[in-house]
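Contents: one structure, followed by commentary.
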Amino acid sequence: MSSVIDLHSHSTISDGLFTPSELIRRADAHGVRVLALTDHDDVAGLDEARAAAAEAGIALVNGVEISVTWNKRCVHIVGLRIDPAYEPLRNGLAAIRAGRGERAMHIAAGLERAGIPGSLEGAYAYAANPGIISRTHFARFLVAKGIVKDTRTVFKKYLVKGKPGYVEHSWADFSDAIGWIRASGGIAVLAHPGRYDLGRTNLDSLIADFKEAGGEAIEVVTGNHTANQFIQFANYAKEFDLLASCGSDFHGVGESYMDLGRLPALPPGCKPVWHNWPEMSPEHVGRKSEAPSATGVPSTTADNAALIRPTY
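Following this line, the structure appears as structure tokens:
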């Protein structure tokens, strides 16, 4: 059964495999009626996505996924319903993109020391938007060269901490990024918290710091979480009085754990981040698919067993 809302997705503007228009068409084909485009550290795809969404009858939510540093770790904050023209937000994102270019040079140097030359040029060949050069683009290059079998293996062997291509990097300030989102009229969402491999104490600290800095929601159902984590983070949402969000974190076929329109429901008792959004009116979400359940997503457990914990 398809879900009608997906609040985390990526296009070729960052590290997705589909252009913004192609992403909208895929969402439409999969029954999604409300979609947030949340490219990493860039809002350049929103205009194209909005035009395609209008044609498809999909409500597009302006979004972005901001890379931030918390306690010497990189975590991600999704901004939903942002104003993409808000200057402090745009300036902050531009600064993050500049840092990505510098990091890419260091990644390439590490890979060259490991016997893999030419990875910088190779990675840029896979980046439709050079401003968002990422580890994923390096991974795709290494797969294309036949060095490893798939992108997940690249991360495990070359790009995570302790491996040749890993580079320590300072991202945007945690509180600053939340401030940009909120000042632009948006909602700050802690993205895929189960992905960070934090123990209970550090996870509690992350969520408490997020709440204190003005964060308003947490991703509960996401392609990066297991079925057990859906329950775990639903409980966190209740404990910290946070709204609950859901999003596939779809990047492309073969690289994502969940496709568009395949999200299971939020667990019972969650207050959805979209609880007061006009985009979620029955007149809209019921237009091309069934109306949402009480959580805004039709109930299903069919996908839960297929979820695998990601390693990057």
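Residue numbering for the sequence shown follows the working numbering, beginning at 487 and increasing consecutively. Every residue, glycine too, gets a C-beta built ideally from N, C-alpha and C. Computed from a prediction, not measured in an experiment: that's the story for all the values here.
From this set, 503, 514, 549, which residue's C-alpha is nearest residue 542's C-alpha?
Ranking the options by Cα distance to residue 542, first place goes to 514.
Need the endpoints of the alpha helix (DSSP H) that residue 608 sits in, please.
Residues 605-611.
Let me check understanding here. Comparing Cα to Cα, which of 633, 531, 638 lies closest to residue 621?
Shortest Cα-Cα distance from residue 621 to any of 633, 531, 638 involves 638.
Short check: CB of residue 505 to CB of residue 564, under 8 angstroms?
Contact: no.
Tell me which same chain residues have a C-beta within less than 7 angstroms of the C-beta of residue 616, skipping the five on either side of it?
Closer than 7 angstroms at Cβ, skipping near neighbours: 610.
Is the beta carbon of residue 522 less than 8 angstroms from the beta carbon of residue 549?
With contacts defined by Cβ atoms closer than 8 angstroms, residue 522 and residue 549 form a contacting pair.
Length at least 4, wholly inside the region 557-604: the alpha helix (DSSP H) runs in chain order:
List check, alpha helix (DSSP H) in window: 573-599.
Cβ separation of residue 517 and residue 490, assumed to be a contact under 8 angstroms, to the nearest whole Å:
Between residue 490 and residue 517 the Cβ distance is about 6 angstroms, and since that is below 8 angstroms, they are a contact.
Three-state secondary structure (DSSP) of residue 691:
DSSP places residue 691 in the helix class (H, G or I) of the three-state scheme.
Classification of residue 529 by the beta-carbon crowding that lies within 10 angstroms, buried from 16 upward
Buried, by the Cβ-count rule.
For residue 629, the first and last residue of its enclosing alpha helix (DSSP H):
Here the alpha helix (DSSP H) through residue 629 covers 621-630.
Mapping DSSP to helix, strand and coil, what is residue 673?
Correct three-state label for residue 673: strand.
Assigned secondary structure, residue 684 (DSSP; H/G/I helix, E/B strand, else coil)
Assignment of residue 684 by DSSP, reduced to helix, strand and coil, places it in the coil class.
Any contact between the region 587-605 and the region 562-578? By contact I mean 3 or more CB pairs, one from each, below 8 angstroms.
Output reads no: the region 562-578 does not touch the region 587-605.
When we look at the beta-carbon of residue 554 and count the other beta-carbons within 10 Å, is it buried (16 or more) or exposed?
With 16 or more other Cβ atoms within 10 Å, it is buried.
Quick check on residue 788: buried or exposed, where buried means 16 or more other Cβ atoms within 10 Å of its Cβ?
Because the pLDDT at residue 788 is just 30, under 50, the model does not fix this residue reliably, and the point stays unresolved.
Contact between the region 747-760 and the region 720-735 (3+ Cβ pairs under 8 angstroms)
Touching, yes.
Is there contact between the region 637-655 and the region 673-685, where contact requires at least three CB pairs shorter than 8 angstroms?
Counting Cβ pairs under 8 angstroms, fewer than three are found: no touch.
Can you give me the C-alpha to C-alpha distance between residue 776 and residue 696, rounded to a whole angstrom?
A caution first: residue 776 carries a pLDDT of 40, below 50, which makes its placement in the model too unreliable to give a value.
Could you tell me the distance, in whole angstroms, from the CA atom of residue 576 to the CA atom of residue 652?
One C-alpha to the other measures close to 27 angstroms.
Got a sec? Which residues, its chain only, sit under 7 angstroms from residue 606 by beta carbon, not counting five neighbours each side?
The residues are 590, 591, 594.
First and last residue of the alpha helix (DSSP H) that includes residue 509?
Per DSSP, residue 509 belongs to the alpha helix (DSSP H) from 506-515.
Exposure of residue 764, with buried meaning 16 or more beta-carbon neighbours within 10 Å:
The residue is exposed, with fewer than 16 neighbouring Cβ atoms inside 10 Å.
Per DSSP, what kind of secondary structure is residue 754 in: helix, strand or coil?
DSSP, reduced to helix, strand and coil, places residue 754 outside both helices and strands of the structure shown, so it counts as coil.
Contact under 8 angstroms by Cβ, residue 600 with residue 650
Yes; because the gap between Cβ atoms is below 8 angstroms, this pair is in contact.
Can you list, in chain order, the residues of its chain with a C-beta nearer than 6 angstroms to that of residue 660? Leave out the 5 residues immediately preceding and following it.
Same-chain partners within the cutoff: 554, 556.
Same chain, Cβ closer than 6 angstroms to residue 526, five either side skipped, listed in chain order
Exclusion of the five residues before and after residue 526 leaves 500, 551, 618 as the residues of its chain whose Cβ lies within less than 6 angstroms of its Cβ.
CA-CA distance, residue 624 and residue 768?
When rounded, the separation of the alpha-carbon atoms in residue 624 and residue 768 is 43 angstroms.
If the criterion is Cβ atoms closer than 8 angstroms, does the pair residue 670 and residue 709 meet it?
Going by C-beta atoms, residue 670 is not nearer than 8 angstroms to residue 709.
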